[in-house]
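Peer 1: Residue numbers are given in the working numbering: position 3 of the sequence shown equals residue 4, and the series is strictly consecutive.
Think of the CB as a built atom: it goes at the ideal place given N, C-alpha and C, for glycine as much as any other residue.
Here it is: the structure, laid out below.
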Amino acid sequence: MTAITFDTLRFVRTLKDADFNDKQAEAISSAFQDAQHESDLATKADIRVVETKIEALETKIEALNIKVGALARDINSLRWILGVIVVLTVIPLIDNLLK
């Protein structure tokens with residue numbers, strides 16, 4: 002992941018403007034920066050990468066669905082063919098039994 006920039010000097014100045022003393026402002030800034038480094042934050046670029054990967058996976062899933070549909074049609078055709086073969090095999094046997 003790419004690093005998120007954090008302007009500590011600006012942060013400290015903002016705290017000082019809000020009547021924090023130097024020591025307090027620097028301590029809060031340091032704690033905030035430590036917390037930021039410990040967390041895994043996703044940037045917009047990171048999210049775009051994940052979205053691109055998801056779109057690629059969706060495309061692959063669509064292609065697989067098409068292939069599965071074709072296989073289902075092939076299996077259905079084979080069922081009919083096997084059914085016809087069984088019927089054509091059984092008819093002469095039944096005919097011989099009835100004679």
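Going along the chain, which residues of its own chain have a beta-carbon closer than 7 Å to the beta-carbon of residue 26, five neighbours each way excluded?
Peer 2: Looking up residue 26 in the sequence shown gives position 25. Result list for residue 26: 13, 16 and 17, in chain order.
Peer 1: Tell me whether residue 21 sits in a helix, a strand or coil according to DSSP, three-state version.
Peer 2: Working through the sequence shown from its first residue, we reach residue 21 at position 20. DSSP places residue 21 in coil when its eight states are reduced to three.
Peer 1: For residue 44, does the three-state DSSP call read helix, strand or coil?
Peer 2: Position 43 of the sequence shown, counted from the first residue, corresponds to residue 44. Coil.
Peer 1: Round the Cβ separation of residue 34 and residue 9 to the nearest angstrom and send it over; I've been treating them as touching at under 8 Å.
Peer 2: Working through the sequence shown from its first residue, we reach residue 34 at position 33. Working through the sequence shown from its first residue, we reach residue 9 at position 8. That pair is a contact at about 6 Å.
Peer 1: Helix, strand or coil, according to DSSP, for residue 68 in the structure here?
Peer 2: Here residue 68 corresponds to residue number 67 of the sequence shown, with the count starting at 1. Residue 68 falls in the helix class under three-state DSSP.
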